[in-house]
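K.L.:
Residue numbers (our numbering): 12 to 217.
Every residue, glycine too, gets a C-beta built ideally from N, C-alpha and C.
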């Protein structure tokens, strides 16, 4: 497993994977620039954000309980959230189901689920990440604002990877090198301070 794996790398790989769907034309309902990391946009000027729909955000939600699997290895279960947002000038049903002009959040959600479920991001050069498993889906927003019916859904994805404490690797290697061989001196009566026999004990085989 890759010791360089971290949350930022995983989040970027998720965005890159979805951006490739846009570049290839598979997601022709979305612009590449509409796939971003979530930075609290909904807390600022939500009405302005709605006008940029359809859009997708990716963010880290949190971790589960880490599990130590070795002296320097820990399994790290984590959850990412993908938010999908769409709007319609018609009605609230249209922004969820879509219409002739706009994709709905239900279809956006289905596309994201099909792409990420069972995906380990290896196509993006990621090593050591467990395949994504589907988590709960939640409605974040479903109402009208400034004449636009807007919908935002949040989908959780669970995965995990192993954190390797590389500094401890080096410490263990140094300890093994130091304690590989021990010289033992034997003293028999009378004890005149001069060893009567000597022996070498190999603690670890090379």
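Quick test of the definition: if touching needs 3 or more C-beta pairs under 8 Å, does the segment 83–96 touch the segment 49–68?
P.N.:
At 8 Å Cβ cutoff, the stretches touch.
K.L.:
For the candidate residues 128, 81, 116 and 72, whose alpha-carbon lies nearest to that of residue 48?
P.N.:
Taking the chain shown and counting its residues from 1, the one referred to as residue 48 is at position 37. Comparing Cα positions, the closest option is 72.
K.L.:
Going by DSSP in three states, residue 2 sits in which element: helix, strand or coil?
P.N.:
The requested residue 2 is not part of the displayed model; the chain covers only 12 to 217.
K.L.:
Looking only at its own chain, which residues have a Cβ that is under 7 Å from the Cβ of residue 77, when we skip the five neighbours before and after it?
P.N.:
Reading the chain shown from its first residue, position 66 is the one you call residue 77. Excluding sequence neighbours, residue 77 sits near 85, 86 and 87.
K.L.:
Should residue 41 be labelled buried (16 or more other beta-carbon atoms within 10 Å of its own) or exposed?
P.N.:
Numbered from its first residue, the chain shown carries residue 41 at position 30. With 16 or more Cβ atoms within 10 Å of its Cβ, residue 41 is classed as buried.
K.L.:
Rounded to a whole number of angstroms, what is the C-alpha to C-alpha distance between residue 55 and residue 117?
P.N.:
To locate residue 55, count along the chain shown from 1; it is residue 44. To locate residue 117, count along the chain shown from 1; it is residue 106. When rounded, the distance between both Cα atoms is 25 Å.
K.L.:
Quick one: what does DSSP say residue 35 is sitting in, helix, strand or coil?
P.N.:
For this step, residue 35 is matched to residue 24 along the chain shown. Residue state, collapsed to three classes: coil.
K.L.:
For the 8 Å Cβ check, are there 3 or more pairs between the segment 137–149 and the segment 28–42?
P.N.:
With the cut-off at 8 Å, the segment 137–149 and the segment 28–42 do not touch.
K.L.:
Could you tell me the alpha carbon to alpha carbon distance between residue 171 and residue 61, rounded to whole angstroms?
P.N.:
For the purposes of this step, residue 171 is taken as residue 160 along the chain shown, with counting starting at 1. For the purposes of this step, residue 61 is taken as residue 50 along the chain shown, with counting starting at 1. Those two C-alpha atoms are separated by around 33 Å.
K.L.:
What is the C-beta distance between residue 126 and residue 28, in whole angstroms, given that I count them as a contact (C-beta under 8 Å)?
P.N.:
For the purposes of this step, residue 126 is taken as residue 115 along the chain shown, with counting starting at 1. For the purposes of this step, residue 28 is taken as residue 17 along the chain shown, with counting starting at 1. With a Cβ gap of about 7 Å, residue 126 and residue 28 count as contacting.
K.L.:
Kindly give me the distance between the Cβ atoms of residue 25 and residue 132, rounded to whole angstroms, as I take these residues to be in contact under 8 Å.
P.N.:
In the chain shown, the residue the question calls residue 25 occupies position 14. In the chain shown, the residue the question calls residue 132 occupies position 121. 7 Å between Cβ atoms; contact.
K.L.:
Pick out whichever of 151, 15, 173 and 91 has its Cα sitting closest to the Cα of residue 53.
P.N.:
As a working note, residue 53 is residue 42 in the chain shown. Residue 53 has its Cα closest to that of 151, out of 151, 15, 173 and 91.
K.L.:
By the three-class DSSP mapping on this structure, what secondary structure does residue 48 have?
P.N.:
Position 37 of the chain shown, counted from the start, is the residue given in the question as residue 48. In this structure, residue 48 counts as strand in the three-state DSSP scheme.
K.L.:
To the nearest angstrom, report how far apart residue 124 and residue 81 are at their CA atoms.
P.N.:
Counting from one through the chain shown, the residue named residue 124 turns up at place 113. Counting from one through the chain shown, the residue named residue 81 turns up at place 70. Cα to Cα, residue 124 sits roughly 33 Å from residue 81.
K.L.:
Which two residues bound the contiguous beta strand (DSSP E) that contains residue 143?
P.N.:
Taking the first residue of the chain shown as position 1, residue 143 is located at position 132. Counting along the chain, residue 143 falls outside any beta strand (DSSP E), and DSSP gives it neither H nor E.
K.L.:
Closest to residue 33 by CA distance: which of 46, 136, 23 and 168 is it?
P.N.:
As a working mapping, residue 33 is identified with position 22 in the chain shown. Looking at the Cα atoms, 46 is the closest of the given residues.
K.L.:
So, is residue 51 buried or exposed, given that buried needs 16 or more other C-beta atoms within 10 angstroms?
P.N.:
In the chain shown, residue 51 corresponds to position 40, counting from 1. Classification for residue 51: exposed.
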